[in-house]
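Visitor: Residue numbers 73 to 331, in the numbering used here, belong to the letters of the sequence shown in order.
Cβ coordinates follow ideal geometry from the N, Cα and C atoms, glycine included.
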Amino acid sequence: MISNDPPSRRDTEPASLRDVLVLICTYNERDNLPTLVAQVFQTVPDAQILVVDDGSPDGTFEWVVQQREHNPSVHGILRPKKQGLGTAIRTGMMYAIEHQYSWLVNLDGDLSHNPADMASMLQLRGRCDLAIGSRYIQGGGMRGCSWRRVFVSRCANVLARVICGWKIQDCSSAYRMYRVALLQTIPLDRIQARGYGFLEEVLAMILRAGGRVVETPIVYTERTRGASKLSLREAFSTFFALLRVGRIARKKNRSTAAL
73 MISNDPPSRR DTEPASLRDV LVLICTYNER DNLPTLVAQV FQTVPDAQIL
123 VVDDGSPDGT FEWVVQQREH NPSVHGILRP KKQGLGTAIR TGMMYAIEHQ
173 YSWLVNLDGD LSHNPADMAS MLQLRGRCDL AIGSRYIQGG GMRGCSWRRV
223 FVSRCANVLA RVICGWKIQD CSSAYRMYRV ALLQTIPLDR IQARGYGFLE
273 EVLAMILRAG GRVVETPIVY TERTRGASKL SLREAFSTFF ALLRVGRIAR
323 KKNRSTAAL
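(1) Please give me, in chain order, every unbroken run of the alpha helix (DSSP H) with length at least 4 that falls completely inside the stretch 205-271.
(2) Residues in its own chain within less than 8 Å of G131 by CB, not counting five upstream and five downstream?
(3) Would you mind listing the alpha helix (DSSP H) stretches within the stretch 87-128 that are 4+ residues and don't spill past its ends, in chain order?
(4) Tell me whether P187 is buried or exposed, calling it buried when 16 or more other Cβ atoms sit within 10 Å of its Cβ.
(5) Tell me the residue span of the alpha helix (DSSP H) that contains H142.
(6) Per DSSP, which one or two residues make a beta bridge with E273?
(7) Could you tell me the alpha carbon to alpha carbon distance between A110 and N104, rounded to whole angstroms?
(8) Rounded to a whole number of angstroms, what is the C-alpha to C-alpha distance between K239 and E287?
(9) For P129 and S184, I'd like the C-alpha separation in whole angstroms.
(10) In chain order, what residues of the same chain have a beta carbon less than 7 Å from the beta carbon of L275, not counting five sequence neighbours either side?
(11) Can you round the beta-carbon distance between V116 and V136 to whole angstroms, since I take them to be within the 8 Å contact cut?
(12) Could you check if F270 is buried or exposed, using at least 16 other CB atoms within 10 Å of its CB as the buried criterion?
(13) Which residues bound the alpha helix (DSSP H) around I169?
(14) Under the assumption that I161 contacts L122 (Cβ atoms under 8 Å), give the Cβ distance between them as a whole number of angstroms.
(15) Mind checking D126: buried by the 16 CB within 10 Å criterion, or exposed?
(16) So I290 and Y247 are in contact, right, with Cβ under 8 Å, and what is the actual spacing, rounded?
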């Protein structure tokens, strides 16, 4: 049962790790997924895993179905085609809400996020509503990344601080742990971005809802197998999402000043 008190203000005991759902959104990650899933269970043996796959032609979802036959902790949702990372994450969020998990951890399906970092992230459950795996605080970083990825990531975070006024150092990291009770209170269906810009829009909603946000250091490692999903289109998606969020933030500030 969810308390009537705002989840960001409750003093809660850490939930059982059986209440943790690990979300992995995939497209053509058949070569990476077996290693990733094994590492997740090695770090959090009691976790449940949900794979949201966008109709990968390389057999990614077929592997999920095979795993499900002998491991009931692995779940899958197959979508008919590529619909964007943001919509895949939203699908996972709605699943977590529907099945009453306490926490949702999202990480990339290409091994760029180290599942071992979930251990330190999960220790923050009593202190936050959203924990962000940050590349831009002490102890974090990027390894083996192309200049394009570094440039897009750096620009997105500078723009987030300038346009939105956020103090958060890594607003574009997808490696996150969400309190599901807080996700249940925000209008996820109003988020317009379908791609990477979803991350900025949902962050803005969490902050407007009074959510406590903390950052924990991670090292992002560029994928070694498969093709990168980062494109110019995704970069523009993030930029336009920040413009939308910035306009909302400015309107809110003007309304507050008028009171």
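Guide: If we stick to the structure as given:
(1) 219-231, 252-255
(2) R102
(3) 105-115
(4) buried
(5) 132-142
(6) Its beta-bridge partners do not exist; DSSP assigns none.
(7) 10 Å
(8) 11 Å
(9) 21 Å
(10) C243
(11) No, V116 and V136 are not in contact; Cβ-Cβ is about 18 Å, not under 8 Å.
(12) buried
(13) 157-170
(14) Not confirmed; about 11 Å, so no contact.
(15) buried
(16) 6 Å
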